[in-house]
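One structure below.
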Amino acid sequence: MTNKAKIHYLYHDGFAVETENYFLIFDYYVDTPKGDERNIENGVISKEDLEGRKKVLVFSSHSHHDHFNPLILEWEKYNKNIKYILSSDIFLENYNKNHLIAYENRKLNVDGANIKVFGSTDIGVSYYVEVDGIAIFHAGDLNWWHWENDPMEEQADMELNFKSIINKLHNSVDNVDISFFPVDYRLDKFFYLGGNYFINKIKPNLFVPMHYWENTYIVKDFIEKMEEINEVVPCEIALVEERGQVIKFSKSV
């Protein structure tokens, strides 16, 4: 038996993941297609994506504009059974039964999907999701944010906080199949620190870099860095190059 997932890169931290019974959307941000047509191949979610038979779960890790676009709440008119899992720092004027609030350490079962909420080194949360035998981790803004000009005390606190959350994830779950994790070019020569620690501690089957806006060149740089500093890179790293790109995942069970 093989469990399969089809991953669509939307933009920045935004991804859609299709499994046998689920359609998951993470940190949807840009709603302008890269081409003329409005479809997932051009990096946006369309009405047709939401009206299918699969269970639709929409995750937002925090309220920053590049992780939460309020227009996602309008998708409910296309699918009355859609569920939103929203970080507690996201404020809505009107809540309904389809809106679920996420905060660190919360565990949820949403339409059969098992969700564990972990912390972040920025505002908001990160998500661990199990659907159709596939374990997915979306880090949101969880990263080792080592800024060269920060005071040493802040750099040390950041490292400690980051490693604490990753170690907690390691001790709380059996495995991670697909991981979405920041590889941010703005960190300059330290851009790889968080991803490298995550890969070697968690050992996901597939590591998908994110959080680079238009600067997809950093993905190739990250892959080359991992090959340089690790004798053996313990996972596959997806080479993300453009919006709408499809990444296929499968595992035998």
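The sequence shown begins at 839 in this note's numbering and counts up one residue at a time.
Note that CB positions come from ideal geometry on N, CA and C, so glycine has one too.
Source: prediction; values computed, not measured.
Using the C-alpha atoms, what's the distance from V1021 back to P989?
-> 22 Å
So, helix, strand or coil for Y1023, using DSSP?
-> helix
Nonlocal neighbours in the same chain, by C-beta distance under 6 Å from I961, ignoring five residues either side | The answer, listed in chain order, is H900 and D927.
Name the DSSP beta bridge partners of P1047, please?
-> DSSP lists F1019 as partners of P1047.
To the nearest angstrom, report how far apart A1076 and L1044 are at their CA atoms.
-> 7 Å
Y849 versus Y860: straight-line alpha-carbon distance, rounded | Going by the C-alpha atoms only, they are around 20 Å apart.
Count the other CB atoms, across all protein chains shown, that sit within 10 Å of the CB of K915; report buried if there are 16 or more and exposed otherwise.
-> Taking every protein chain shown into account, the CB of K915 has fewer than 16 other CB atoms within 10 angstroms, so this residue is exposed.
Nearest-angstrom Cα separation, counted from G881 out to G978 | 18 Å
Inter-residue CB distance, V896 and I910 (contact presumed, cutoff 8 Å) | 6 Å
CA-to-CA distance, N936 to K1089, given in whole angstroms | 31 Å
Under 6 Å Cβ to Cβ from A973, same chain only, skipping five residues before and after it: list those, please.
-> N1013, V1014 and D1015
What does a CB cutoff of less than 8 Å around A854 pick up in its chain, not counting 5 residues either side in sequence?
-> I845, H846, L848, F861, L862, I863, F864, I878, I883 and D887
Residue range of the alpha helix (DSSP H) that L1031 falls in?
-> L1031 to I1040
If you scan the segment 949 to 979 from start to end, which runs of the beta strand (DSSP E) of 3 or more residues do you find wholly inside it?
-> Within the segment 949 to 979, the beta strand (DSSP E) runs of at least 3 residues that lie entirely inside it are, in chain order, 951 to 956, 964 to 969 and 972 to 976.
C-alpha distance - I1061 paired with Y922, whole-angstrom precision = 33 Å
Starting from H846, trace the beta strand (DSSP E) both ways and give me its first and last residue.
-> T840 to Y849
Identify which residue in L924, M1064 and E912 has its Cα closest to the Cα of P1072.
-> M1064
Give the DSSP-derived three-state secondary structure of K1058 in the structure shown.
-> Reduced to three states, the DSSP call for K1058 is helix.
What span of residues does the beta strand (DSSP E) with A1076 cover, start to end?
-> Premise fails: A1076 is in no beta strand (DSSP E) and is neither H nor E.
CB of F929 within 8 Å of CB of H984, strictly | no
Might you give, ordered along the chain, the residues of its own chain that have their beta carbon closer than 6 Å to the beta carbon of G957, omitting 5 neighbours on each side?
-> E942 and I1003
Outcome for A994 when other beta-carbon atoms lying within 10 angstroms are tallied against a minimum of 16 | With a threshold of 16 other beta carbon atoms within 10 Å, A994 falls short and is exposed.
On the DSSP bridge assignment, give the partners of I863 in chain order.
-> In the DSSP output, where bridge partners are listed per residue, I863 has A854 and V896.
Measure the CB-CB distance between Y1050 and Y1030 and report whether it falls below 8 Å.
-> no
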